[in-house]
Amino acid sequence: MSLSEHTLAQHLDDPAVLCCRRPAGTVISAEDVEDPSIFADLEEAELLSLSSSGLSIREALGRSLLAETDALVPLTPELLGPAPSGVGAPSAQASAGVGADQEHPDNGEITVSRRRRRITHTLVRREYPVTQVQLGQDTSYRDGTLTIDVASIEEAAQSQDLVHSVTLDVIEASNRHVYTNTIMDVMPIAAKAEGIVGTGVTNALTGVVVILT
Numbered sequence: 137m138s139l140s141e142h143t144l145a146q147h148l149d150d151p152a153v154l155c156c157r158r159p160a161g162t163v164i165s166a167e168d169v170e171d172p173s174i175f176a177d178l179e180e181a182e183l184l185s186l187s188s189s190g191l192s193i194r195e196a197l198g199r200s201l202l203a204e205t206d207a208l209v210p211l212t213p214e215l216l217g218p219a220p221s222g223v224g225a226p227s228a229q230a231s232a233g234v235g236a237d238q239e240h241p242d243n244g245e246i247t248v249s250r251r252r253r254r255i256t257h258t259l260v261r262r263e264y265p266v267t268q269v270q271l272g273q274d275t276s277y278r279d280g281t282l283t284i285d286v287a288s289i290e291e292a293a294q295s296q297d298l299v300h301s302v303t304l305d306v307i308e309a310s311n312r313h314v315y316t317n318t319i320m321d322v323m324p325i326a327a328k329a330e331g332i333v334g335t336g337v338t339n340a341l342t343g344v345v346v347i348l349t
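Counting from 137, one number per residue, gives the positions in the sequence shown under my numbering.
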């Protein structure tokens with residue numbers, strides 16, 4: 137699940153991880169990096185292992201992949217070409233009182249600007265841990281068990297003309313090492329309880345993800 141331009145600024149200093157397989161020459165942008173908010177779930181599922189030599193999203197933006205790279209691979213200096221010419225290092229910002237920033241450009245001059253900070257929106261995330269996933273006659277969550285209605289599988293197959301068939305497997309923790317041909321997407325399971333995306337209340341299941349193969 138890649139970042140949007142809106143959420144990119146919130147994660148510039150988080151690790152840069154490819155969201156999907158990308159060919160050589162891809163110039164890294166928001167749509168190429170995985171959302172850091174799901175890293176914990178990916179690591180718990182042993183789908184992601186962050187690298188100590190990995191770059192931050194800020195450091196990776198604008199640089200090109202040197203070779204085709206798989207999804208969920210942390211971006212390191214060895215995987216990327218140099219930063220584009222004419223792009224200076226990001227300015228450092230140091231807090232100088234509430235609402236004040238000091239910027240230190242490359243030329244050594246120091247400017248102080250004041251801006252009023254305000255809360256534009258709030259989001260409450262309610263987490264529900266999942267310890268077991270099973271197929272059944274309805275979709276529900278009770279006492280840590282997620283039950284998925286088997287009828288929804290056929291409904292998914294009939295949802296679009298491009299879809300010919302759908303199968304659903306529950307992968308237990310003991311089978312995480314089993315090879316699969318390709319991973320097209322890794323999706324957290326969440327739904328809005330109140331408000332719209334980025335605001336209100338979101339209900340999220342933890343300890344489980346959907347893998348599209």
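Note that CB positions come from ideal geometry on N, CA and C, so glycine has one too.
With respect to the 9 Å criterion, E180 and A152 are not classified as neighbours on the basis of their beta carbons. Between the C-alpha atoms of D177 and E290 there is a straight-line separation of about 28 Å.
With a threshold of 16 other beta carbon atoms within 10 Å, P172 meets it and is buried. By the neighbour-count definition (other C-beta atoms within 10 Å, threshold 16), H257 is an exposed residue. For S276, the uninterrupted beta strand (DSSP E) run begins and ends at S276 to R278, by DSSP. T349 is a Cβ neighbour of N317, given a cutoff of 9 Å. Distances from the alpha-carbon of P159 to those of E167, S140, L183 and L201 put L201 closest. R261 is the residue among R261, H300, T281 and M323 whose C-alpha sits nearest the C-alpha of T335.
Secondary structure of T316 (DSSP, three-state): coil.
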